[in-house]
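Here is the structure we will look at.
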Amino acid sequence: MSTFWELAGMFVSAFTSATLLPGSSEAVLAGIIALGTASATSAVIVATLGNTFGSVVNWAIGLFAARFRHHRRFPLTPEQYARYAAIYAKWGVWSLLLSWTPVIGDPLTVIAGVMRTPLWIVVPLVMLAKGARYVAVAGVMLML
Numbered sequence: 029m030s031t032f033w034e035l036a037g038m039f040v041s042a043f044t045s046a047t048l049l050p051g052s053s054e055a056v057l058a059g060i061i062a063l064g065t066a067s068a069t070s071a072v073i074v075a076t077l078g079n080t081f082g083s084v085v086n087w088a089i090g091l092f093a094a095r096f097r098h099h100r101r102f103p104l105t106p107e108q109y110a111r112y113a114a115i116y117a118k119w120g121v122w123s124l125l126l127s128w129t130p131v132i133g134d135p136l137t138v139i140a141g142v143m144r145t146p147l148w149i150v151v152p153l154v155m156l157a158k159g160a161r162y163v164a165v166a167g168v169m170l171m172l
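If you count the sequence shown from 1, you need to add 28 to reach the working numbering.
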């Protein structure tokens, strides 16, 4: 039963880390692998799914909140919006392959929603990017 709760915690950590809330899912993944109570494969899959679902929340925020982007409670400042929109305009959907990166990754998924990028395009690109990050973290942990 312990493995279930560890993986559930991994999912929650990855989910919140993908939203605009702070989090450190890589540390949770590393801890689970170090403890050895769940397989690295299971932990990576759960982390990838949780982080991808969190990015879908960001996409939905962008999709439904785009008309409020000048409101003071919009999740991005006007400067951040302009910077991420410029990146997205230059690189298009391929910029979502940067969704794994700290600082710019999560806002890019919001911008994907603002730009009304279809979810069927967003999910595979984000899942690929975020999954690759977790595979790299797991690989490092397994080498230690």
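Quick reminder that beta carbons are idealized off the backbone N, C-alpha and C, glycines included.
What residues in its chain sit with their C-beta under 6 Å from that of residue i, if we drop five residues either side in the sequence?
i: Thr137; result: Ser83, Asn86, Trp87 and Ser127
i: Ala42; result: Ser53, Ala75, Gly78 and Asn79
i: Ala94; result: Val142
Between which two residues does the alpha helix (DSSP H) holding residue i run?
i: Val138; result: Gly133 to Val142
For residue i, which residues of its own chain have a beta-carbon under 8 Å away from its beta-carbon, when the five flanking residues on both sides are left out?
i: Val40; result: Gly78
i: Leu125; result: Leu153, Leu156 and Ala157
Excluding the 5 residues flanking residue i on each side, which residues of the same chain have their C-beta closer than 7 Å to its C-beta?
i: Val165; result: Glu54, Leu57 and Ala58
i: Phe81; result: Phe43
i: Gly37; result: Val56
i: Gly51; result: Ser41, Thr44 and Ser45
Any chance the CB of residue i is under 7 Å from a heavy atom of the ligand COA?
i: Lys158; result: For the ligand COA, the structure offers nothing, since it holds no ligand at all.
| Counting only runs that start and end within the stretch 32-77, where is the alpha helix (DSSP H) found for 4 or more residues in a row? | 53-63
| query | Counting Cβ pairs closer than 8 Å, one from the stretch 101-110 and one from the stretch 147-157, do we hit at least three? | reply | no
| request: Check whether the stretch 52-72 touches the stretch 108-124, taking contact to mean three or more Cβ pairs, one atom from each stretch, closer than 8 Å. | output: no
| message | Quick check for students: name the residue ranges of the alpha helix (DSSP H) that lie wholly in the stretch 93-169, counting only runs of 4 or more. | response | 106-119 and 133-142
| Any chance the stretch 133-152 sits against the stretch 112-124, with 3 or more Cβ pairs inside 8 Å? | yes
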